[in-house]
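**Student:** In the numbering used here, the protein residues as written are 207 to 483.
My questions all concern the structure below.
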């Protein structure tokens, strides 16, 4: 079986499981799953350096990731605007990563476990925030997933078909500007289509489109960030759990960046929050 076929089959299975969970799982189950994902991703993060971490230290970091993600998920419900702080942090950090990557400069990112906790826990906690945000939370969570999936699919196939101009050759040689454009169009379009089913975004707004394009760009930069981590550690993939996709970090990288930024967008554009009308 070709690598593309394995990638498609694995992706379809993961998407089907995710959609079922988004619409039918309980809130506490969603929080538990996101905490488990954080723990699994933390395991891979600790193993990125060739020297790795001891089994005991890795287990401690994984337990910390589980607990911190659950705490963040519950905390966002009481202090929702904390997610805007997390989103701003991602935008600032990824702007730096994107600038260095796109200007063709080589740089090293040390995948320290403490950095993993900072990256993984607030971001994965925002997934449950979206699900519990309103009675239409399942559609909001599906929308950000469609944005990430659409961007990934569009970039992959458009890049393979027409890609010729390298996006960030020193960080991720396979990415192209043509693939980026295709991913932005498909990801933003798919997300906007889902959002039209919700009362929050029932009417067209230029700010919604601008915000979704920003989220799509952030998702790509999140991918570049993880690529820089792997390249600094001398790894091609973060793991081998998912055939055709690598490890959990390889599959979650874009969502880690997009989810808190999308959550911040929801808060800023929701008229009931008194931030924007």
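From the three backbone atoms N, C-alpha and C, an ideal C-beta is built for every residue, glycine too.
Compare the C-alpha of residue 338 against each of 252, 233, 387 and name the closest.
**Tutor:** The residue with the shortest Cα to Cα distance from residue 338 is 233.
**Student:** Could you pull out every unbroken alpha helix (DSSP H) segment of at least 4 residues lying fully inside the segment 252-330, listed in chain order?
**Tutor:** Counting only runs of 4 or more, we get 261-284, 288-308.
**Student:** Going by beta carbon distance, what residues of the same chain come within less than 8 Å of residue 465, once the five residues before and after it are set aside?
**Tutor:** Closer than 8 Å at Cβ, skipping near neighbours: 329, 330, 332, 333, 336, 350.
**Student:** Would residue 275 be called buried (16 or more neighbouring beta carbons within 10 Å of its own) or exposed?
**Tutor:** Looking at its Cβ environment, which holds 16 or more other Cβ atoms inside 10 Å, residue 275 is buried.
**Student:** Rounded to whole angstroms, what is the Cα-Cα separation between residue 482 and residue 455?
**Tutor:** At residue 482 the pLDDT is 47, less than 50, meaning the model places this residue with poor confidence and gives no usable figure here.
**Student:** Counting pairs of beta carbons, one from the segment 346-363 and one from the segment 414-433, are three or more of them closer than 8 Å?
**Tutor:** Judged by Cβ distances under 8 Å, the segment 346-363 makes contact with the segment 414-433, as three or more pairs qualify.
**Student:** Give the secondary structure of residue 436 by DSSP, where H, G and I count as helix, E and B as strand, and everything else as coil.
**Tutor:** Helix, per DSSP.
**Student:** Go ahead and pull the three-state DSSP assignment for residue 382.
**Tutor:** Three-state result, residue 382: strand.
**Student:** With 16 other CB atoms within 10 Å as the buried threshold, where does residue 219 fall?
**Tutor:** So residue 219 counts as exposed.
**Student:** Would you identify the three-state DSSP class for residue 367, choosing helix, strand or coil?
**Tutor:** Residue 367: helix per DSSP, three-state reduction.
**Student:** Which same chain residues end up closer than 7 Å to residue 480 when comparing Cβ atoms and leaving out the 5 residues on each side of it in sequence?
**Tutor:** Low confidence applies to residue 480: its pLDDT is 49, below 50, so where it sits in the model is not reliable, and the reading given next is rough at best. None.
**Student:** Given that a residue counts as buried once 16 or more other Cβ atoms are within 10 Å of its Cβ, and exposed if not, what is residue 382?
**Tutor:** Per the 10 Å Cβ criterion, buried.
**Student:** Based on the DSSP output, what are the partners of residue 452 in its beta bridges?
**Tutor:** Paired residues: 448.
**Student:** Tell me, please, which residues DSSP counts as bridged to residue 372.
**Tutor:** In the DSSP output, where bridge partners are listed per residue, residue 372 has 382.
**Student:** Residue 303 and residue 430: beta carbons closer than 8 Å?
**Tutor:** A contact, by the Cβ cut-off of 8 Å.
**Student:** How is residue 431 classed by DSSP in three states: helix, strand or coil?
**Tutor:** Reduced to three states, the DSSP call for residue 431 is helix.
**Student:** Please report how far the alpha carbon of residue 449 lies from the alpha carbon of residue 216, in whole angstroms.
**Tutor:** C-alpha separation (whole angstroms): 6 Å.
**Student:** Please go through the same chain and pick out, in chain order, the residues whose beta-carbon is closer than 8 Å to the beta-carbon of residue 391, but skip the five residues on each side of it.
**Tutor:** The residues are 360.
**Student:** Could you give the distance in angstroms between the alpha-carbon of residue 226 and the alpha-carbon of residue 239?
**Tutor:** Each residue's alpha carbon lies about 13 Å from the other.
**Student:** Using the Cβ count rule (16 or more neighbours within 10 Å means buried), how would you classify residue 229?
**Tutor:** The residue is exposed, with fewer than 16 neighbouring Cβ atoms inside 10 Å.
**Student:** Go ahead and label residue 407 buried or exposed: buried means 16 or more other beta carbons lie within 10 angstroms of its beta carbon, across all protein chains shown.
**Tutor:** So residue 407 ends up on the buried side.
**Student:** So for residue 342, helix, strand or coil by DSSP?
**Tutor:** Residue 342: coil per DSSP, three-state reduction.
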